[in-house]
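Take the position in the sequence shown, starting the count at 1, then add 115; the result is the number in this note's numbering.
Note that the Cβ used here is the ideal one computed from N, Cα and C, for glycine as well.
A quick write-up on the structure given underneath.
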Amino acid sequence: MKKKLTFAAALLAASVLGGVANAKTLVYCAEASPEGFDPAPYTAGQTFDASSRTVFNRLVEFDHGKTSVSPGLADSWTTSDDGKEYTFKLRKGVKFAPTDYFTPTRDLNADDVVFSFERQVDKNGPWFQYIPGIAYQYYNDQFGDNITKVEKVDDLTVKFSLKEPAITFIPTLGMDFASIVSKEYADKLQADKTPELFNQKPVGTGPFIFVDYQTDAAIRYKANPDYWGGKQKIDDLVFAITTDPAVRAQKLKAGECNIMSYPAPADIAGLQADANLTVAEQEGLNVGALMYNTQQKPFDDVRVRKALNMAINKKAIIDAVFQGAGQVAINPIPPTMWSYNKDVKDDPYDPDAAKKMLEEAGVKDLKMNVWAMPVSRPYMPNARRTAELIQADFAKVGVTVNIVSYDWGEYLKRASAVDHDGAVIVGWTGDNGDPDNFLGVLLSCASVGSNNRAEWCNKDFDALINKAKTVSDQAERTKLYEQAQVIFKEQAPWATLAHSKVFMPMQKTVSGFAMDPLGIHRFDGVDIAE
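Take a look at the structure:
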């Protein structure tokens, strides 16, 4: 049975349609507001869903529901024999979409590609700090200084030169921070002295055109009629921002949205029982963790970190928070990922041994902050409840926990600061299917002060993962990553908590939506039955 939209939802749809008869509108109940609409400075999934996966494209694109890549804005590429040069041929005739606030005068060309990357590394350029305090974390984590030059060969040819070969280079170009933006639009905003609009009113080549954002409420898009991949079957797309997972579930059941993100585990059975809904599911390529600030006393002492890990009853967290939709995490990468080290043993749950180890480390009456995310994520459906369970566990070994939180964007920003206090509940969903996207992005020395929220730098670990990026043989890379996981477990910069199963509920009228192992919510190729 097809459900009717409620009056509120119908009104929302009507405001998007603008009077167009028989237009198809898909409403997606999203879990959080985007940090902005320029994907390069950010790392959060809800920002990518709202920007890079709707408005923009990349040189290569991940295949729907897979970690493999196919041509995107580049229809072909070649690699030099030494693996240090990549030359891309761009599609001809790709158009940046016109909007109410900007009308492009030319098609995509090599200047746009060069600008898209150079702006993230040129510290003297006007776009490096066009938003005060931004940092291009992903570029730094993924490339560092390995890209020596991005050059225009001709209007439709771009060459990247690297210091060292990087086996992960092509899939990394499919990541959100590598979205190709319009240099022409950037130049206009710079001339108008309004560069901040680049992050508020995006212009891209993607399947949808940005229309409007009502802060913390709704984002509206329309199908790009000139999209190089073909016009979408959906005419209008709405992100209805709904932070409470229970409310998202209610809206889905009531027909106020067609798809919802990240249901609460307690709501899944009810959603599965609804005859009007489909609930897709898959093992998540993710990890949730408690990350200690290892540059802060007493967490700079591995004995303290090990003791706290032994104080956490992780099975109780799985039972209470994930309710059967997760498994205890041992390593910092999920067991579904190649190179996962099955021989690594977890720290046992042993409060008595934990208390003794804290005493041996000279720690008594410790008071600490545990940070709890304000939003549900695929790897952590309820961080507040998890923090409360950890609080109770730590109390048993004489550690007093103060639970703190901030708005999601502020949470991520503050948790990246080297001097943040205590331990942070946060996690990761893989961006490209490669172990380096976990081990390098989250734990390398280069990522300290950004995505390495343990602020942990271990030279032996770093040497292994850096070598693995230069090796083409997967069996050899696997051995290096397995050794790195052993060091990680010995040094315990995190308490690894959980890997979760991911659920995606939607109305049965929706077709063409593919669950993605990379945590991407894409709406190109999606349709709704009349």
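Notebook entry, point to check: Between Thr103 and Ser626, what straight-line distance do the alpha-carbon atoms span, to the nearest angstrom?
Noted result: The structure shown does not extend to residue 103, since the chain is modelled only from 116 through 645, so no value can be given for it.
Next item on the list: Could you tell me the distance, in whole angstroms, from the CA atom of Gly640 to the CA atom of Phe163?
Entry: Start at 1 with the first residue of the sequence shown, and residue 640 comes out as number 525. Start at 1 with the first residue of the sequence shown, and residue 163 comes out as number 48. Answer to the nearest angstrom: the Cα atoms are 18 Å apart.
Next item on the list: Assuming His636 contacts Ser376 (C-beta within less than 8 Å), just tell me the rounded distance between them.
Entry: For this step, residue 636 is matched to residue 521 along the sequence shown. For this step, residue 376 is matched to residue 261 along the sequence shown. About 7 Å separates the two Cβ atoms, so the contact holds.
Next item on the list: Using only alpha-carbon positions, find the residue among His614, Pro310, Gln244 that is nearest to Pro493.
Entry: In the sequence shown, residue 493 corresponds to position 378, counting from 1. Comparing Cα positions, the closest option is His614.
Item checked: The beta strand (DSSP E) enclosing Met472, as first and last residue numbers -> In the sequence shown, the residue the question calls residue 472 occupies position 357. It is not in any beta strand (DSSP E) - Met472 instead sits in the alpha helix (DSSP H) that spans 466–475.
Notebook entry, point to check: Which value, in whole angstroms, describes the spacing of the CA atoms of Val228 and Lys274?
Noted result: Taking the sequence shown and counting its residues from 1, the one referred to as residue 228 is at position 113. Taking the sequence shown and counting its residues from 1, the one referred to as residue 274 is at position 159. In this structure, the CA atom of Val228 is about 10 Å from the CA atom of Lys274.
Notebook entry, point to check: Hey, Trp523 and Thr409 are a contact pair by Cβ (cut 8 Å); roughly how many whole angstroms apart?
Noted result: Residue 523 sits at position 408 when you count from the first residue of the sequence shown. Residue 409 sits at position 294 when you count from the first residue of the sequence shown. No, Trp523 and Thr409 are not in contact; Cβ-Cβ is about 24 Å, not under 8 Å.
Next item on the list: May I have the straight-line CA-CA distance separating Ile100 from Leu554, to the nearest angstrom?
Entry: Since the displayed the chain opens at 116 and closes at 645, residue 100 lies outside it and no answer follows.
Next item on the list: Name the two residues that bound the continuous alpha helix (DSSP H) containing Pro360.
Entry: Indexing the sequence shown from 1 puts residue 360 at position 245. From DSSP, the alpha helix (DSSP H) with Pro360 extends over 360–368.
Notebook entry, point to check: Which runs of the beta strand (DSSP E), 3 residues or longer, sit entirely within the stretch 485–544?
Noted result: Runs of the beta strand (DSSP E) lying entirely within the stretch 485–544 and spanning at least 3 residues, in chain order: 515–519, 538–544.
Margin query: Suppose the cutoff is 6 Å on Cβ atoms and the five residues either side in sequence are ignored; what does the same chain contact list for Asn517 look like?
Written below: Numbered from its first residue, the sequence shown carries residue 517 at position 402. If we look at Asn517 and ignore the five residues flanking it on each side, its Cβ neighbours are Asn484.
Checklist line | Ranges of the alpha helix (DSSP H) found wholly within the stretch 569–622, counting only runs of at least 4 | finding: Scanning the stretch 569–622 for uninterrupted alpha helix (DSSP H) segments of 4 residues or longer gives 574–583, 589–606, listed from N- to C-terminal end.
Check: Nearest-angstrom Cα distance between Phe628 and Pro156?
Finding: Locating residue 628 in the sequence shown gives position 513, where the first residue counts as 1. Locating residue 156 in the sequence shown gives position 41, where the first residue counts as 1. Cα to Cα, Phe628 sits roughly 27 Å from Pro156.
Check: With Arg592 and Ser454 assumed to form a contact (beta carbons below 8 Å), what rounded beta-carbon distance in angstroms separates them?
Finding: Along the sequence shown, read from residue 1 onward, the residue named residue 592 stands at position 477. Along the sequence shown, read from residue 1 onward, the residue named residue 454 stands at position 339. Yes, they are in contact, since the Cβ atoms of Arg592 and Ser454 sit about 7 Å apart, within 8 Å.
Next item on the list: For Glu233, name the three-state secondary structure that DSSP assigns.
Entry: Indexing the sequence shown from 1 puts residue 233 at position 118. Look at Glu233 here: in three-state DSSP terms it is helix.
Margin query: Using a Cβ-Cβ cutoff of less than 6 Å, which residues in the same chain neighbour Ser552 once the five nearest sequence positions on both sides are dropped?
Written below: Position 437 of the sequence shown, counting from 1, holds the residue named residue 552. Per the sequence presented here, residue 552 reads as Asn, with Ser not at that position. Excluding sequence neighbours, Asn552 sits near Gly545, Asp546.
Next item on the list: Answer yes if the stretch 315–323 comes into contact with the stretch 199–213, meaning at least three C-beta pairs across the two stretches below 8 Å, and no otherwise.
Entry: With a cut-off of 8 Å, the stretch 315–323 and the stretch 199–213 count as touching, because enough Cβ pairs lie within range.
Next item on the list: For Asp351, name the three-state secondary structure that DSSP assigns.
Entry: As a first step, residue 351 is located in the sequence shown; it is residue number 236 there, counting from the start. It is a strand residue.
Check: Across which residues does DSSP place Phe177 in a beta bridge pair?
Finding: Taking the first residue of the sequence shown as position 1, residue 177 is located at position 62. Val184.
Next item on the list: Could you spell out the range, first to last residue, of the beta strand (DSSP E) harbouring Ile448?
Entry: The residue you call residue 448 lines up with position 333 of the sequence shown. Element bounds for Ile448: n/a, residue is neither H nor E.
Notebook entry, point to check: Are the Cβ atoms of Val394 and Pro154 separated by less than 7 Å?
Noted result: The residue given as residue 394 occupies position 279 in the sequence shown. The residue given as residue 154 occupies position 39 in the sequence shown. In this structure, Val394 keeps its C-beta atom at 7 Å or more from the C-beta atom of Pro154.
Notebook entry, point to check: Would the C-beta of Gln244 count as close to the ligand GDP, meaning under 6 Å from any of its heavy atoms?
Noted result: Of the ligands one can find in the structure shown there are none, so the ligand GDP has no counterpart to examine.
Next item on the list: Determine the burial state of Ser185: buried for a count of at least 16 other Cβ atoms within 10 Å of its Cβ, exposed for fewer.
Entry: For the purposes of this step, residue 185 is taken as the residue at position 70 of the sequence shown. Label assigned to Ser185: exposed.
Notebook entry, point to check: Under the rule that 16 or more other beta-carbon atoms within 10 Å means buried, what is Glu655, buried or exposed?
Noted result: Nothing can be reported for residue 655: it is not among the residues displayed for the chain, which extend from 116 to 645.
Checklist line | Unbroken alpha helix (DSSP H) run spanning Asp382, endpoints | finding: In the sequence shown, residue 382 corresponds to position 267, counting from 1. 380–388 is the span of the alpha helix (DSSP H), which, as asked, contains Asp382.
Notebook entry, point to check: Is the stretch 234–247 close to the stretch 139–147, with three or more CB pairs under 8 Å?
Noted result: Short answer: they don't touch.
Item checked: Beta-carbon separation (whole angstroms), Leu392 vs Leu367, contact threshold 8 Å -> Locating residue 392 in the sequence shown gives position 277, where the first residue counts as 1. Locating residue 367 in the sequence shown gives position 252, where the first residue counts as 1. Confirmed, Cβ separation roughly 7 Å.
Next item on the list: Name the one or two DSSP bridge partners that Arg335 has.
Entry: Looking up residue 335 in the sequence shown gives position 220. The partner list for Arg335 (beta bridge, DSSP) reads Asp327, Val353.
Checklist line | Sequence ranges, alpha helix (DSSP H) only - wholly within the stretch 221–295, length at least 4 | finding: Secondary structure remark: continuous alpha helix (DSSP H) runs of at least 4 residues inside the stretch 221–295, in chain order: 225–233, 252–257, 284–287.
Note to self: Which complete alpha helix (DSSP H) runs does the stretch 388–454 hold, if anything under 4 residues is left out?
What the structure shows: Correct list: 417–426, 429–432.
Next item on the list: Could you tell me the distance, in whole angstroms, from the CA atom of Lys264 to the CA atom of Val556?
Entry: By one-based count along the sequence shown, residue 264 stands at place 149. By one-based count along the sequence shown, residue 556 stands at place 441. In this structure, the straight-line span from the alpha carbon of Lys264 to that of Val556 is close to 22 Å.
Check: If Thr169 and Tyr336 are in contact, beta carbons under 8 Å, what's the gap, nearest whole angstrom?
Finding: Position 54 of the sequence shown, counted from the start, is the residue given in the question as residue 169. Position 221 of the sequence shown, counted from the start, is the residue given in the question as residue 336. The Cβ separation is near 6 Å, so the contact holds.
Item checked: Ala281 burial status per 10 Å Cβ neighbour count (16 or more: buried) -> On the sequence shown, position 166 is the one that residue 281 refers to. Under this definition Ala281 is a buried residue.
Check: Among residues of its own chain, excluding the 5 on either side of Thr182, which ones have a beta-carbon nearer than 7 Å to its beta-carbon?
Finding: In the sequence shown, counting from the first residue as 1, residue 182 sits at position 67. Listed in chain order, the non-local C-beta contacts of Thr182 below 7 Å within the same chain comprise Asn547, Gly548, Pro632, Leu633, local neighbours out to five positions each way being set aside.
Next item on the list: Rounded to whole angstroms, what's the CA-CA distance from Gln606 to Glu176? Just pull it up for me.
Entry: Walking along the sequence shown from the start, residue 606 turns up at place 491. Walking along the sequence shown from the start, residue 176 turns up at place 61. Approximately 36 Å between the Cα atoms of the pair.
Notebook entry, point to check: Leaving out five residues before and five after Ala125 in sequence, what residues of the same chain have Cβ atoms less than 7 Å from its Cβ?
Noted result: Within the sequence shown, the letter at position 10 stands for residue 125. Reliability of the predicted coordinates at Ala125 is poor, the pLDDT of 41 falling under 50, and the value obtained from them is presented with this limitation in mind. Result list for Ala125: empty, nothing under 7 Å.
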